[in-house]
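Engineer:
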Amino acid sequence: MPAYRPKLVYFFYPFLIGSLFLVFFAASNAYQLPILEIGGEDDAENNSITELNQDLKTRREAVDALKLQAEEYRGKVIAHRNEAFTLKNQLLILDAQIAKISVEIQTKEQEIEITKLDIRGIELRIEQLKKIIGRQKERIADILRIVYQNQEKSELEILLLNDSLSDFFNHAQYIENLHDGLHKQLIELKSANEELESEEVSIKAKQDALERQKKSFEDQQYGLKDQERVKTQLLEETRESENTFRTLLQELKSQEESVNEEIILLEKTIRKKLEDEDAAKKLEQAKGELLSWPVPKNTITAYFHDPSYPYRYVFEHPAIDIRAPHRTTVAASASGYVAKTRKDPNCDGRYSYIMIIHANGLSTVYGHVNEIDVEEGRFVLQGQAIGRSGGMPGTCGSGRLTTGPHMHFEVRLNGIPVDPLLYLP
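All residue numbers for the sequence shown refer to numbering that gives the first Met the number 0, where the first residue is 0 and numbers rise by one.
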């Protein structure tokens, strides 16, 4: 009887190992979890995912509600703009815009938190994938160990160790199953590694999106301050009098028309003067230049012919307003001749600007400048400092009813304002 025990052990050995393999194989499938779905062995991890999902749901609902509020305020702004242009109505427009921006800021805060939660969800998925990959590597090592142990025995030895041909073929089938299982585990390991790489790319994209959202949030806060500043200045200038408001608007309109006529006349006069050989040669050399940003590229607070411009009832906005801290260095957008430097020597609220004539029929105007560092008739190179930006109410060169610190930048083609964004990189 003792002589038959080894054969019985070898007879049951394949089925025992096969059962263990099936357990391993079944366990591997239990860990294939999509992001933010409950699963796995760790209860704490499951709870984190559940809480994260609930938080995401709540915040997304809040965003939807806030967007509806913003739409309501946007509708009020449009409705008031279609009414008579009175001080009362202008204040109602500003109030609606301030309320709309405030809601948009709240929306952006929620969106930032949603992105942070998305990032946390991806981090949890990455942690899961790393655990899965670790377990798969362990299972592959176990299978390889069993395969190696069986490969050490010859077919004759295996045949002799089994009681019958049936047992021998069962053992052979078991070895084949091991190889198939190994192949499947390798495929799943490769898939998990690819998903891990994809999630790592995804988390980088989410982090970049988060930075953009934070920048947008800052811009909205600046926008809110600008609107509040416009309202405060309007109340101070008019003292809540409709008559004073109408007088102020007429002054503003006259100033804009005067500056525009001055620029158009200068355009023709200066270009005629620049027809001499030396000046024409310098402009010809600058012909291939593309316009560059006069201040560091930043948020545009008002666009060319912007429908939301506060004083569109008086005149179309002929420029883009680029956010720039007070007294930012202003550079020539392209090489050319300084045609005009209009100063505010007494700092009494006069509108100051610099005008430069370029090649290709283009000219540029830099408005609300707080300081002018060039002289009329001088040739300046692209990128050369020509002054300092302004726009802060009550400061030198700011003009009347300015919306806050910024660079007012105009591009003109043959004297006519065109959209600067069509020319800037």
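Even glycine gets a Cβ: it sits at the ideal position worked out from N, Cα and C.
Predicted, not measured: the structure shown is a model, and the values here were computed from it.
Just reading off the beta strand (DSSP E) that T328 is part of, what are its end residues?
Structural biologist: For this step, residue 328 is matched to residue 329 along the sequence shown. That run of the beta strand (DSSP E) goes 328 to 330.
Engineer: From the DSSP output, in three-state form, read off R238 for me.
Structural biologist: Locating residue 238 in the sequence shown gives position 239, counting from the first residue. It is coil, neither helix nor strand.
Engineer: When we look at the beta-carbon of T327 and count the other beta-carbons within 10 Å, is it buried (16 or more) or exposed?
Structural biologist: Within the sequence shown, the letter at position 328 stands for residue 327. With 16 or more other Cβ atoms within 10 Å, it is buried.
Engineer: How many angstroms separate the CA atom of K267 from the CA atom of G414?
Structural biologist: Within the sequence shown, numbered from 1, the residue matching residue 267 stands at position 268. Within the sequence shown, numbered from 1, the residue matching residue 414 stands at position 415. Each residue's alpha carbon lies about 8 Å from the other.
Engineer: For the 8 Å Cβ check, are there 3 or more pairs between the stretch 193 to 211 and the stretch 79 to 99?
Structural biologist: Segments in contact, no.
Engineer: On the DSSP letters alone, give me the boundaries of the beta strand (DSSP E) that G360 sits inside.
Structural biologist: One-based indexing of the sequence shown puts residue 360 at position 361. Unbroken run through G360: none, as it is neither H nor E.
Engineer: Taking just the CA atoms, how far does L412 sit from P283?
Structural biologist: Position 284 of the sequence shown, counted from the first residue, corresponds to residue 283. Position 413 of the sequence shown, counted from the first residue, corresponds to residue 412. The question names Pro, but residue 283 in the sequence shown is Glu. Each residue's Cα considered, the two are about 17 Å apart.
Engineer: In the DSSP output, which residue or residues are listed as bridge partners for Y336?
Structural biologist: For the purposes of this step, residue 336 is identified with residue 337 of the sequence shown, where counting begins at 1. For Y336, which the question treats as bridged, DSSP gives the partners I356, F378.
Engineer: Might you give, ordered along the chain, the residues of its own chain that have their beta carbon closer than 7 Å to the beta carbon of R270, omitting 5 neighbours on each side?
Structural biologist: Here the question's residue 270 lines up with position 271 in the sequence shown. The answer, listed in chain order, is I356.
Engineer: Using 8 Å for Cβ pairs, my map puts Q109 next to R58. What's the rounded Cβ distance?
Structural biologist: The residue labelled residue 109 in the question sits at position 110 within the sequence shown. The residue labelled residue 58 in the question sits at position 59 within the sequence shown. Rounded, the Cβ-Cβ distance is 5 Å, consistent with contact.
Engineer: Could you give the distance in angstroms between the alpha-carbon of E432 and the alpha-carbon of N192?
Structural biologist: Beyond the ends of the chain as shown, which are 0 and 424, falls residue 432; an answer cannot be given.
Engineer: Please work out which residues of its chain come closer than 7 Å, Cβ to Cβ, to G360, disregarding the five sequence neighbours upstream and downstream, and give them in chain order.
Structural biologist: By one-based count along the sequence shown, residue 360 stands at place 361. L412, N413, listed in sequence order.
Engineer: On the DSSP bridge list, what partners appear for P309?
Structural biologist: Locating residue 309 in the sequence shown gives position 310, counting from the first residue. In DSSP, P309 forms no bridge with anything.
Engineer: Can you check which of these residues, A338, R73, K56, I113, is closest to K99 by C-alpha distance?
Structural biologist: The count along the sequence shown starts at 1 and reaches residue 99 at position 100. Comparing Cα-Cα distances from K99 to each of A338, R73, K56, I113, the minimum goes to R73.
Engineer: To the nearest angstrom, how far is the alpha carbon of E124 from that of G386?
Structural biologist: Within the sequence shown, numbered from 1, the residue matching residue 124 stands at position 125. Within the sequence shown, numbered from 1, the residue matching residue 386 stands at position 387. Note that residue 124 corresponds to Arg in the displayed sequence, not to Glu. Cα to Cα, the separation comes out at about 53 Å.
Engineer: By alpha-carbon positions, which one of R349, S47, I321, A331 ends up nearest to G403?
Structural biologist: In the sequence shown, the residue the question calls residue 403 occupies position 404. Looking at the Cα atoms, I321 is the closest of the given residues.
Engineer: Put P419 into one of helix, strand or coil per three-state DSSP.
Structural biologist: By 1-based counting over the sequence shown, the position of residue 419 is 420. Here P419 sits in helix by DSSP.
Engineer: Taking 6 Å as the limit between beta carbons, can you name the residues of its chain near T298, skipping five residues before and five after?
Structural biologist: As a first step, residue 298 must be located in the sequence shown, where it is residue number 299. Only D218, R322 meet the Cβ criterion.
Engineer: When the Cα atoms are used, what is the spatial distance from K426 to V76?
Structural biologist: This structure cannot settle anything about residue 426, because the visible part of the chain is limited to 0 through 424.
Engineer: Could you tell me whether the Cβ atoms of M406 and V329 are closer together than 8 Å?
Structural biologist: Translated into the one-based positions of the sequence shown, residue 406 becomes position 407. Translated into the one-based positions of the sequence shown, residue 329 becomes position 330. Result yes, Cβ atoms of M406 and V329 sit closer than 8 Å.
Engineer: Check whether the stretch 277 to 292 touches the stretch 253 to 267, taking contact to mean three or more Cβ pairs, one atom from each stretch, closer than 8 Å.
Structural biologist: These segments do not touch.
Engineer: Which residues bound the beta strand (DSSP E) around D347?
Structural biologist: Here residue 347 refers to the residue found at position 348 when the sequence shown is read from its first residue. Element bounds for D347: n/a, residue is neither H nor E.
Engineer: For R119, I'd like the list of residues in its chain whose CB is within less than 7 Å of its CB, leaving aside the five on either flank, ordered along the chain.
Structural biologist: The count along the sequence shown starts at 1 and reaches residue 119 at position 120. Excluding positions up to five away in sequence, the list reads L51.
Engineer: Buried or exposed for R445, going by 16 or more other Cβ atoms inside 10 Å?
Structural biologist: Nothing can be reported for residue 445: it is not among the residues displayed for the chain, which extend from 0 to 424.
Engineer: Among L273, I131, S215, D418, whose alpha-carbon lies nearest the alpha-carbon of S190?
Structural biologist: In the sequence shown, counting from the first residue as 1, residue 190 sits at position 191. The candidate whose alpha carbon is nearest that of S190 is I131.
Engineer: Within 10 angstroms of its Cβ, does Q53 collect 16 or more other Cβ (buried), or is it exposed?
Structural biologist: As a first step, residue 53 must be located in the sequence shown, where it is residue number 54. So Q53 counts as exposed.
Engineer: So, is D117 buried or exposed, given that buried needs 16 or more other C-beta atoms within 10 angstroms?
Structural biologist: On the sequence shown, residue 117 is found 118 positions in, with the first residue counted as 1. Buried, by the Cβ-count rule.
Engineer: DSSP on E175, reduced to helix/strand/coil?
Structural biologist: Residue mapping note: residue 175 aligns to position 176 of the sequence shown, counting from 1. If DSSP states are grouped into helix, strand and coil, E175 belongs with the helices.
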